[in-house]
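Trainee: First, the structure itself, so that you have it in front of you.
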Amino acid sequence: MTMDLVFIEDLCIQTVIGVFDWEREITQTISLDLQMGFDIRAAAGSDDIADTLDYKAVSKRLIQFVEGSEFQLVEALAEHCAAIVLEEFPVSWVRLKLSKPGAVRGSSAVGVIIERGVLNHSTGEKGTDRQ
């Protein structure tokens with residue numbers, strides 16, 4: 018069985034992020050790329066938005082959370098964003114890339130890529146890799 022992916026690319030959000038004193042006094046742009054495991058067959062068959070993953074709702078929820086957050090580390094922010102997607106939406110698995118543009122001179126961005134959740138292919142049931 019294959020897994021379908023719904024994606025969001027380059028969701029840019031302003032937030033307080035960083036460990037340096039000057040970073041705690043400004044907002045910076047972070048970018049999220051998400052791939053979310055979601056079986057699209059029902060939506061493909063019905064052509065009804067009620068049967069699909071509402072990526073606008075996912076985006077709005079992550080914007081609301083990230084804008085109100087003040088994490089020091091991109092690792093912590095990424096982990097919390099992945100947890101929101103898995104806990105609040107019908108997603109079995111998520112790959113999340115969190116980029117912090119301009120953080121290192123000479124690079125376009127730095128950040129982390131994490132994968133959370135699992136899909137039991139034999140039953141199609143949602144599972145988790147978190148303890």
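Each residue of the sequence shown is one higher than the last, beginning at 18 in this note's numbering. Where a beta carbon is used, it is the ideal one built from N, C-alpha and C, also for glycine. This structure is a prediction, so every number in the text was calculated from the model and none was measured.
#1: Helix, strand or coil for Ser-86? Go by DSSP, reduced to three states.
#2: Specify, as a first and last residue, the run of the beta strand (DSSP E) that Leu-49 falls within.
#3: Give a yes or no on contact between the stretch 49 to 57 and the stretch 106 to 113, applying the rule of three or more CB pairs nearer than 8 Å.
#4: Specify the secondary structure class of Ala-120 as computed by DSSP and reduced to three states.
#5: Does the beta-carbon distance from Ile-34 to Lys-117 come in below 8 Å?
#6: With distances taken from CA atoms, which of Leu-22, Val-23, Cys-29 and Met-20 is nearest Ala-126?
Mentor: The short version:
#1: Translated into the one-based positions of the sequence shown, residue 86 becomes position 69. If DSSP states are grouped into helix, strand and coil, Ser-86 belongs with coil.
#2: Your numbering for residue 49 matches position 32 in the sequence shown. Its beta strand (DSSP E) spans residues 45 to 54.
#3: yes
#4: As a first step, residue 120 is located in the sequence shown; it is residue number 103 there, counting from the start. Ala-120: coil per DSSP, three-state reduction.
#5: As a working mapping, residue 34 is identified with position 17 in the sequence shown. As a working mapping, residue 117 is identified with position 100 in the sequence shown. Closer than 8 Å, so yes.
#6: To locate residue 126, count along the sequence shown from 1; it is residue 109. Per the Cα distances, Cys-29.
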